[in-house]
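In the UniProt record's numbering, the protein residues as written are 1 to 556.
In this text, a Cβ means the ideal position worked out from N, Cα and C, and glycines have one as well.
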């Protein structure tokens with residue numbers, strides 16, 4: 001949804017005409033050194049600022065709740081990075097210089113509200129210009145592949161004060177006052193007798209503090225999963241009149257919420273390492289499916305929100321529920337991937353504070369590797385589910401393999417794995433093309449009203465033209481499912497796909513013989529119908545422009 005940023009601190013500075021004569025010399029050098037690519041970025045568009053910020057904001061290891069978060073940043077880091085660029089843009093484009101950070105703070109909050117980055121403890125607090133809260137990008141993981149794919153959906157909006165001709169009637173919007181940092185639970189040392197604390201080494205106190213924080217965050221996470229059901233799903237099912245038609249409701253819930261509640265498993269802490277190692281094994285059965293489906297879920301949610309005003313109003317009402325903590329449904333849906341990513345970080349922090357000889361250490365290190373592997377499988381399944389569409393569908397083998405893993409694989413083997421990956425990717429594209437025959441051509445022809453082809457000829461025409469394409473699709477879908485299963489099981493080094501392909505080739509031989517011999521008939525029927533039926537010719541030309549047709553015509 002389009003959001004319009006109405007900021008006013010910059011307007012105030014412009015209206016006051018506060019020019020700073022001394023800025024020229026100190027700013028020129030900075031402007032010249034960074035002009036380069038930044039000169040092509042329209043900083044009035046929130047989507048452009050978002051991608052620029054992702055490259056420019058300084059990352060480092062920041063500690064929150066005794067847990068060090070790598071490649072993280074504070075609210076002050078974000079605001080400072082934005083402020084430096086906003087100041088420059090106002091000077092260059094409008095001749096106004098201001099050190100007021102309110103515009104940058106408003107932009108940062110808009111990016112936060114659209115889930116461009118997240119607060120590591122998911123506290124729901126609005127972003128402040130300070131160092132109290134720590135933030136991360138969800139897809140920015142240390143030690144991952146060096147190429148970060150383009151985001152599927154960027155934040156949207158216009159920063160009016162950054163346009164070259166800002167409107168004078170923009171109302172002044174002051175940033176809300178800073179919220180005090182409130183801890184939902186006490187830290188572990190506050191719950192323990194002081195005499196007990198004195199008897200423990202500092203490393204053990206830190207270790208127990210991190211474990212305690214992990215438990216409290218697990219409780220909060222489960223509460224958020226419960227809130228999805230109580231705030232969104234149950235009211236959606238009980239709505240009268242219905243927000244979504246009954247015939248479509250359950251399909252919508254399956255599309256958006258997927259297998260969400262299969263992950264409701266609380267951790268009973270004994271020795272933390274073995275419990276989380278077991279959890280990683282169980283999570284492997286459900287998290288990849290959910291995270292792989294998440295882009296499709298977000299797309300379905302966006303479409304319903306844009307096309308259904310009653311559903312849009314329903315979501316706005318739900319977000320005002322006390323348990324929603326001002327978070328939209330999209331934020332709740334992104335809780336599982338964010339929460340899973342933090343397990344590895346937390347386990348590494350616990351291991352760092354675990355004394356040598358502690359029997360938990362081996363379990364901790366195994367659990368770290370298990371969650372790292374789980375993260376890789378989730379990314380892989382996101383690629384598989386994309387079926388060559390969107391940013392996830394453009395990933396290659398090296399995008400899905402961490403640097404530290406890839407360096408241990410011989411160059412020749414890397415080339416072999418890339419070829420296997422391209423083979424699987426090609427099969428994905430072919431299966432998608434076969435599915436599109438039905439989506440782009442067959443179903444629209446059947447459902448057209450008025451009919452494009454007279455109904456007494458339509459069924460015969462479809463048989464002549466498309467023949468047994470459904471049988472071909474079934475064979476290739478089965479092969480692709482086998483290839484995907486092998487890929488999930490053996491990635492990043494697949495031993496062999498020969499058996500799966502050989503078996504498929506034996507089974508689809510007759511289907512292809514039938515399809516190939518019918519092709520001249522299909523081609524003739526298409527050409528003949530286009531020559532005699534203007535509606536059909538217009539339909540074919542329209543289908544060629546369909547975004548999923550790859551500009552191929554009906555005969556291709």
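Checklist entry - Per DSSP, what kind of secondary structure is residue 61 in: helix, strand or coil? => result Your numbering for residue 61 matches position 61 in the chain shown. Strand.
Next on the checklist: Could you give the first and the last residue of the continuous beta strand (DSSP E) run that contains residue 421?
Outcome noted: Against the chain shown, residue 421 aligns to sequence position 421. No beta strand (DSSP E) holds residue 421; the alpha helix (DSSP H) holding it covers 411–436.
Item to check | Sufficient close CB pairs (3 or more, under 8 Å) joining the stretch 200–218 to the stretch 66–83 | outcome: yes
Checklist entry - What three-state label does DSSP hand residue 92 in the structure shown? => result Walking along the chain shown from the start, residue 92 turns up at place 92. Three-state DSSP puts residue 92 in a helix.
Next on the checklist: So for residue 45, helix, strand or coil by DSSP?
Outcome noted: Locating residue 45 in the chain shown gives position 45, counting from the first residue. Of the three classes helix, strand and coil, the one that applies to residue 45 here is strand, per DSSP.
Checklist entry - Can you tell me where the beta strand (DSSP E) with residue 67 in it begins and where it stops? => result Position 67 of the chain shown, counted from the start, is the residue given in the question as residue 67. It spans 67–74 - the beta strand (DSSP E) in which residue 67 sits, taken as one unbroken run.
Next on the checklist: Please list the terminal residues of the continuous alpha helix (DSSP H) segment that includes residue 493.
Outcome noted: Position 493 of the chain shown, counted from the start, is the residue given in the question as residue 493. Here residue 493 belongs to no alpha helix (DSSP H), and DSSP marks it neither H nor E.
Item to check | CB contact flag (residue 370, residue 280, <7 Å) | outcome: Taking the chain shown and counting its residues from 1, the one referred to as residue 370 is at position 370. Taking the chain shown and counting its residues from 1, the one referred to as residue 280 is at position 280. Their beta carbons are under 7 Å apart, which means residue 370 touches residue 280 by this criterion.
Checklist entry - Going by other Cβ atoms of all chains shown within 10 Å of its Cβ, with 16 needed for buried, is residue 378 buried or exposed? => result The count along the chain shown starts at 1 and reaches residue 378 at position 378. Its Cβ being crowded by 16 or more others within 10 Å, residue 378 is buried.
Checklist entry - Are the stretch 242–250 and the stretch 322–337 touching by the rule of at least three beta carbon pairs closer than 8 Å? => result no
Item to check | For residue 119, the three-state DSSP class (helix, strand or coil) | outcome: Taking the first residue of the chain shown as position 1, residue 119 is located at position 119. DSSP places residue 119 in strand when its eight states are reduced to three.
Checklist entry - Could you give the distance in angstroms between the alpha-carbon of residue 227 and the alpha-carbon of residue 236? => result Along the chain shown, read from residue 1 onward, the residue named residue 227 stands at position 227. Along the chain shown, read from residue 1 onward, the residue named residue 236 stands at position 236. If you take the alpha carbons of residue 227 and residue 236, they lie about 13 Å apart.
Checklist entry - Would you report the Cα separation of residue 233 and residue 224, rounded to the nearest angstrom? => result Numbered from 1 along the chain shown, position 233 holds the residue referred to as residue 233. Numbered from 1 along the chain shown, position 224 holds the residue referred to as residue 224. Their Cα atoms are separated by approximately 13 Å.
Next on the checklist: Residues in the same chain with beta-carbon distance under 6 Å from residue 162, minus the five sequence neighbours each way, listed in chain order, please.
Outcome noted: Counting from 1 along the chain shown, the entry for residue 162 is found at position 162. These residues qualify, in order along the chain: 43, 44, 89.
Checklist entry - Would you call the stretch 515–532 and the stretch 413–426 in contact, with 3 or more CB pairs under 8 Å? => result no
Checklist entry - How long is the line joining the alpha carbons of residue 358 and residue 343, rounded to whole angstroms? => result By one-based count along the chain shown, residue 358 stands at place 358. By one-based count along the chain shown, residue 343 stands at place 343. Each residue's Cα considered, the two are about 20 Å apart.
Next on the checklist: Within a Cβ cutoff of 6 Å, which residues of the same chain sit near residue 208, ignoring the five residues on either side of it in sequence?
Outcome noted: One-based indexing of the chain shown puts residue 208 at position 208. Closer than 6 Å at the Cβ level, and outside the excluded window around residue 208, lie 188.
Checklist entry - Given a threshold of 16 other Cβ atoms within 10 Å of its Cβ, counted over all protein chains shown, does residue 556 qualify as buried or as exposed? => result Reading the chain shown from its first residue, position 556 is the one you call residue 556. Classification for residue 556: exposed.
Item to check | Whole runs of the alpha helix (DSSP H) within the stretch 215–239, excluding any shorter than 4 residues | outcome: 234–238
Checklist entry - residue 159 by DSSP, collapsed to three states: which one? => result The residue labelled residue 159 in the question sits at position 159 within the chain shown. Reduced to three states, the DSSP call for residue 159 is strand.
Checklist entry - What number of angstroms, rounded off, separates the C-alpha of residue 52 from the C-alpha of residue 92? => result Against the chain shown, residue 52 aligns to sequence position 52. Against the chain shown, residue 92 aligns to sequence position 92. The straight-line gap from Cα to Cα measures roughly 18 Å.
Item to check | residue 6 - DSSP class collapsed to helix/strand/coil | outcome: The count along the chain shown starts at 1 and reaches residue 6 at position 6. Because the pLDDT at residue 6 is just 34, under 50, the model does not fix this residue reliably, and the point stays unresolved.
Item to check | Host alpha helix (DSSP H) of residue 368 (start-end) | outcome: What you label residue 368 is simply residue 368 of the chain shown in a count that begins at 1. Unbroken alpha helix (DSSP H) run through residue 368: 360–386.
Item to check | Beta-bridge pairing of residue 134 - partner residues as DSSP gives them | outcome: Here the question's residue 134 lines up with position 134 in the chain shown. Paired residue(s): 74.
Checklist entry - For residue 506, which of helix, strand or coil comes out of DSSP? => result Position 506 of the chain shown, counted from the first residue, corresponds to residue 506. Three-state DSSP puts residue 506 in a helix.
Checklist entry - Which class does residue 402 belong to by DSSP, given the choice of helix, strand or coil? => result For the purposes of this step, residue 402 is identified with residue 402 of the chain shown, where counting begins at 1. Residue 402: coil per DSSP, three-state reduction.
Checklist entry - How far does the alpha helix (DSSP H) with residue 338 in it reach, from first residue to last? => result For this step, residue 338 is matched to residue 338 along the chain shown. Looking at the DSSP string, the run of the alpha helix (DSSP H) that includes residue 338 is 335–352.
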